[in-house]
Amino acid sequence: MAHESTMSPEILSHIHPAAGPMVLILLSVIFIFLTSSRKSNLPFINARGTWEFGKGRARARYMKDAATLIKNGLNKAGVFRIITDAGTRTMLSPKYADEIRSLPQLSLSDNLKTELHADLPGFEPFGIVANHTIVQDLVRIKITQNLASSLMPLSTEATHVLETQWGDSTEWRDMQVKPTVLKMVAQLSSRVFLGEKICRNPEWLDITINYTLSAFSAAQELRLLPEFVRAIAVRYLPGSRKAQSQVKQARKIINPVLKERRDAERAGKGVKYHDALQWLEDIAKGDKYDPAAAQLGLSAAAIHTTTDLLTQTLLDICGRDELIRELREEIISVVQENGWKKQTLYKLKLMDSVIKECQRLKPMAIAFMARVVREDVVLSDGIVIPKGDKMLVSCDRMWDETIYPDPLKFDPYRFAKLRQTDNPKNEAAAQLVSPSPEHMGFGFGQHACPGRFFVANEIKISLCHILLKYDVKLADGCVPKVQAFGMRRAADPMAKISIRRRQEEIILCRRKAIAVNWYITQHDGLLIRLAGLGENKSSTSDYPPPLIFQWDSIVILNSQPWSIRSIT
844 MAHESTMSPE
854 ILSHIHPAAG
864 PMVLILLSVI
874 FIFLTSSRKS
884 NLPFINARGT
894 WEFGKGRARA
904 RYMKDAATLI
914 KNGLNKAGVF
924 RIITDAGTRT
934 MLSPKYADEI
944 RSLPQLSLSD
954 NLKTELHADL
964 PGFEPFGIVA
974 NHTIVQDLVR
984 IKITQNLASS
994 LMPLSTEATH
1004 VLETQWGDST
1014 EWRDMQVKPT
1024 VLKMVAQLSS
1034 RVFLGEKICR
1044 NPEWLDITIN
1054 YTLSAFSAAQ
1064 ELRLLPEFVR
1074 AIAVRYLPGS
1084 RKAQSQVKQA
1094 RKIINPVLKE
1104 RRDAERAGKG
1114 VKYHDALQWL
1124 EDIAKGDKYD
1134 PAAAQLGLSA
1144 AAIHTTTDLL
1154 TQTLLDICGR
1164 DELIRELREE
1174 IISVVQENGW
1184 KKQTLYKLKL
1194 MDSVIKECQR
1204 LKPMAIAFMA
1214 RVVREDVVLS
1224 DGIVIPKGDK
1234 MLVSCDRMWD
1244 ETIYPDPLKF
1254 DPYRFAKLRQ
1264 TDNPKNEAAA
1274 QLVSPSPEHM
1284 GFGFGQHACP
1294 GRFFVANEIK
1304 ISLCHILLKY
1314 DVKLADGCVP
1324 KVQAFGMRRA
1334 ADPMAKISIR
1344 RRQEEIILCR
1354 RKAIAVNWYI
1364 TQHDGLLIRL
1374 AGLGENKSST
1384 SDYPPPLIFQ
1394 WDSIVILNSQ
1404 PWSIRSIT
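One rule links them: number in the numbering used here = place in the sequence shown (from 1) + 843.
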């Protein structure tokens, strides 16, 4: 039940100005009392101590070791309450995941509104996700349908990023891995989301990387305040103002590009673009929406989560030379045979297993399926989760020894072995993109991450380029440590790796156009051997004239020192 203030303006006018702060404190206390007055029979796992005033110490215990608190809670009860940095949450055992996966009483959008203030200025990217279906439709339909056609653009962009950021030095050199991976993922994602014109725009990349950080920090600031003052506080808090500024700047970049496209289309000179900016237009069908907010919402959901998983994967495989050798052999064999096709990434089974194992050991959080309960939920064993509760499901099964032998050990072959079966259902369940109560790295249920197929492709293509083009190892003295913040987990942001350029066995990128003197030989299938390369369209050689073409195929180098140059 909503509680409205009955204090009239006349009464307020008689309050002495010096008493203003005390009135605000009193109102806050009343608000907290009223909104928490409904009692729950569920046990508290980190309730306030006898002599503790407020929840500060309970929150501190949660932030210090949420994993132990949750484990203790699961040992005592299948459902319990826990005080977190974002307030009180109801935690469910993963045994309930299947049971609640599609319940209509549970709302993801309400959770976005309360956790990320989706209806406040500066948080429009979360608002468009919470209040509309356009971004969900974009990811579930358009991006998923165009996964195959996005492979070559992703590969091309990966080549550009590594050339410009990682370089060609054959000497070992150290670099902080997470920041450079973040830039790589931002640029690759933007290539598919916005096309060539914007994906390398430094201003856009800065916004798309930093908006998420600003918005989450601002959301945390606002959560410390009672809900009824947040709409005012958002105008003044520095973090909130920064997020608002970034949204405005994003509109200045995106809107002119979209206007140019719309004007060209009205003039009969439109081009059908192959990017998410165009797909949003197709889905909207003329309805009004905020394209910049949609793009930032898309980026917020994709970039930092993908970065974290790719970073953790690199850190986990560094120092495992035999595993890296096997991964390279798989890449060469599969990509050489198939080129960049959807089936290619499916066949990278060892790589898929490695990534899934990295995610199992270090997911982004130790609880998923965050929902707001709109109506009382009665579980099959009679436990009631009351209306208004904010709930999550523990992913404790990801480290259950009855499911995963030696569960705390990194076994890169774990899921590859599980795929060695004649049962298609079991084979599919062991794939990276298949969520389950036993592996909730991408969530689970009706709202499991819809972009996980794109994320998997992006990470695999990035790893193909990195592993074939560079030797990688942990920097001397570096011992990566997972960062824990309550239930959240993050790859070590300070970890360093050492890299040096190596000669890749096959060329993974598409060049814009290459002038080639060529002839064809038959060797393990049809291969194009390069007899000569150059920018001159004329030729006096005995071979056929140079051919200007789009570089869509894989070329075998045969250990010869071919030099490939783009014609731009």
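Virtual Cβ for every residue (Gly too), placed ideally from N, Cα, C.
*Assigned exposure category for Met1337 - 16 Cβ within 10 Å defines buried*: Here residue 1337 corresponds to residue number 494 of the sequence shown, with the count starting at 1. Burial call: exposed.
_Segments of 4+ residues assigned as alpha helix (DSSP H) that fall wholly inside the stretch 964-1008_ = 967-974, 977-980 and 994-1004
*Element boundaries [alpha helix (DSSP H), containing Val1020]*: Mapped onto the sequence shown, residue 1020 falls at position 177. Looking at the DSSP string, the run of the alpha helix (DSSP H) that includes Val1020 is Val1020 to Leu1037.
_Using the three-state DSSP reduction, which class does Thr1264 fall into: helix, strand or coil?_
Counted from its first residue, the sequence shown places residue 1264 at position 421. If DSSP states are grouped into helix, strand and coil, Thr1264 belongs with coil.
*Determine the extent of the beta strand (DSSP E) in which Tyr905 is found, giving its start and end residues.*
Stepping through the sequence shown from its first residue, residue 905 is reached at position 62. Tyr905 -> not in any beta strand (DSSP E); alpha helix (DSSP H) instead, spanning Gly899 to Lys919.
*Since I believe Ser1341 is in contact with Glu942 (beta carbons under 8 Å), could you give me their beta-carbon distance rounded to a whole number of angstroms?*
For the purposes of this step, residue 942 is taken as the residue at position 99 of the sequence shown. For the purposes of this step, residue 1341 is taken as the residue at position 498 of the sequence shown. Not confirmed; about 48 Å, so no contact.
*How many Å lie between Asp953 and Ile1349 at the Cα?*
Here residue 953 corresponds to residue number 110 of the sequence shown, with the count starting at 1. Here residue 1349 corresponds to residue number 506 of the sequence shown, with the count starting at 1. For Asp953 and Ile1349, the distance between alpha carbons rounds to 49 Å.
*asked:* Quick check on Thr911: buried or exposed, where buried means 16 or more other Cβ atoms within 10 Å of its Cβ?
replied: The sequence position of residue 911 within the sequence shown is 68, counting from 1. Thr911 should be labelled exposed.
_Proximity to Ala1210 [Cα-Cα], best of Arg1171, Leu1158 and Gly1286_ = Along the sequence shown, one-based indexing puts residue 1210 at 367. Measuring from the Cα of Ala1210, the nearest candidate turns out to be Gly1286.
*Is it the case that the Cβ atoms of Ala920 and Phe1036 are separated by a distance below 9 Å?*
Position 77 of the sequence shown, counting from 1, holds the residue named residue 920. Position 193 of the sequence shown, counting from 1, holds the residue named residue 1036. Not a contact, by the Cβ cut-off of 9 Å.
*Per DSSP, what kind of secondary structure is Ile1340 in: helix, strand or coil?*
Taking the sequence shown and counting its residues from 1, one reaches residue 1340 at position 497. The answer is strand: DSSP assigns Ile1340 an E or B state.
*Does DSSP put Thr1154 in a helix, a strand or coil?*
Mapped onto the sequence shown, residue 1154 falls at position 311. Helix at Thr1154.
*Thinking C-alpha only, which one of Cys1307, Arg1214, Gly1284 and Gly965 is nearest Ala1076?*
Sequence index remark: in the sequence shown, residue 1076 carries index 233 (1-based). For Ala1076, the nearest C-alpha among the options comes from Gly965.
*Using alpha carbons as the reference points, say which of Ala1334, Leu1123, Val1315 and Asp980 lies closest to Asp1164.*
Position 321 of the sequence shown, counting from 1, holds the residue named residue 1164. Answer by Cα proximity: Val1315.
*Please go through the same chain and pick out, in chain order, the residues whose beta-carbon is closer than 8 Å to the beta-carbon of Gly1329, but skip the five residues on each side of it.*
Taking the first residue of the sequence shown as 1, we reach residue 1329 at position 486. Same-chain partners within the cutoff: Tyr905, Met906, Ala909, Thr927 and Asp928.
*Go ahead and pull the three-state DSSP assignment for Arg924.*
Here residue 924 refers to the residue found at position 81 when the sequence shown is read from its first residue. Three-state result, Arg924: strand.
*Are Gly1294 and Ala1145 touching if we call contact CB-CB under 9 Å?*
Walking along the sequence shown from the start, residue 1294 turns up at place 451. Walking along the sequence shown from the start, residue 1145 turns up at place 302. Yes.
*In terms of alpha-carbon separation, which member of Ala1093, Phe1059 and Asn989 lies closest to Gly1082?*
Here residue 1082 is taken as the residue at index 239 of the sequence shown, counted from 1. Checking every option, the nearest Cα to that of Gly1082 belongs to Phe1059.
*Can you give me the Cβ contacts of Tyr1256 inside the same chain, cut-off strictly under 8 Å, excluding the 5 residues immediately before and after it?*
Start at 1 with the first residue of the sequence shown, and residue 1256 comes out as number 413. If we look at Tyr1256 and ignore the five residues flanking it on each side, its Cβ neighbours are Leu1193 and Ser1196.
_Validate contact between the stretch 1020-1038 and the stretch 1104-1122 using beta carbons, cut 8 Å, 3 pairs_ = yes
*State whether the stretch 1231-1238 contacts the stretch 1205-1221, with contact taken as three or more CB pairs (one from each stretch) at a distance under 8 Å.*
yes
_Rounded to the nearest angstrom, what separates Val1178 and Thr1051 at their Cα positions?_
Working through the sequence shown from its first residue, we reach residue 1178 at position 335. Working through the sequence shown from its first residue, we reach residue 1051 at position 208. If I take the Cα positions, the gap works out to 31 Å.
*Return the bridge partner residues of Tyr1313 from the DSSP annotation.*
If you number the sequence shown from 1, residue 1313 lands on position 470. In the DSSP output, where bridge partners are listed per residue, Tyr1313 has Arg1344.
*Count the CB pairs spanning the stretch 1120-1135 and the stretch 1273-1292 that are closer than 8 Å, and state whether there are at least three.*
no
*Let me know if Val1114 comes out buried or exposed under the rule of 16 or more other beta-carbons within 10 Å of its beta-carbon.*
Counting from 1 along the sequence shown, the entry for residue 1114 is found at position 271. With fewer than 16 other Cβ atoms within 10 Å, it is exposed.
*Helix, strand or coil: how does DSSP classify Ser950 here?*
Counted from its first residue, the sequence shown places residue 950 at position 107. Ser950: strand per DSSP, three-state reduction.
*asked:* With DSSP as the reference, identify every bridge partner of Ala1135, one or two as the case may be.
replied: One-based indexing of the sequence shown puts residue 1135 at position 292. Partner(s): none; Ala1135 has no beta bridge.
*Beta-bridge pairing of Val1114 - partner residues as DSSP gives them*: For the purposes of this step, residue 1114 is taken as residue 271 along the sequence shown, with counting starting at 1. For Val1114, which the question treats as bridged, DSSP gives no partner whatsoever.
*Can you tell me the Cα-Cα spacing of Pro1229 and Ser945, whole angstroms?*
Sequence index remark: in the sequence shown, residue 1229 carries index 386 (1-based). Sequence index remark: in the sequence shown, residue 945 carries index 102 (1-based). Roughly 17 Å between the two C-alpha positions.
*For Ser1012, which residues of its own chain have a beta-carbon under 8 Å away from its beta-carbon, when the five flanking residues on both sides are left out?*
By one-based count along the sequence shown, residue 1012 stands at place 169. Hits under 8 Å: Arg1343 and Arg1344.
*asked:* According to DSSP, is Met1241 part of a helix, a strand, or is it coil?
replied: To locate residue 1241, count along the sequence shown from 1; it is residue 398. Three-state result, Met1241: helix.
*asked:* Counting only C-beta atoms, is Val1177 closer than 9 Å to chain B at any point?
replied: Judged by its chain identifiers, the structure shown contains no chain B, having just a single protein chain.
_Measuring straight from C-alpha to C-alpha, what distance separates Asp1367 and Leu1311?_
By one-based count along the sequence shown, residue 1367 stands at place 524. By one-based count along the sequence shown, residue 1311 stands at place 468. Low confidence applies to Asp1367: its pLDDT is 37, below 50, so where it sits in the model is not reliable, and the reading given next is rough at best. If you take the alpha carbons of Asp1367 and Leu1311, they lie about 21 Å apart.
_Whole-angstrom distance between Ala1334 and Arg818, CA atom to CA atom_ = Residue 818 lies beyond the stretch modelled for the chain, which goes from 844 to 1411, so this question has no answer here.
*Quick one: measure Cβ to Cβ for Leu1166 and Ser1305, integer angstroms, because I've assumed they're closer than 8 Å.*
Position 323 of the sequence shown holds residue 1166. Position 462 of the sequence shown holds residue 1305. Between Ser1305 and Leu1166 the Cβ distance is about 17 Å, and since that is not below 8 Å, they are no contact.
*Along the chain, where does the beta strand (DSSP E) that runs through Gln1179 open and close?*
Position 336 of the sequence shown, counting from 1, holds the residue named residue 1179. From DSSP, Gln1179 is part of no beta strand (DSSP E) but of the alpha helix (DSSP H) over Asp1164 to Asn1181.
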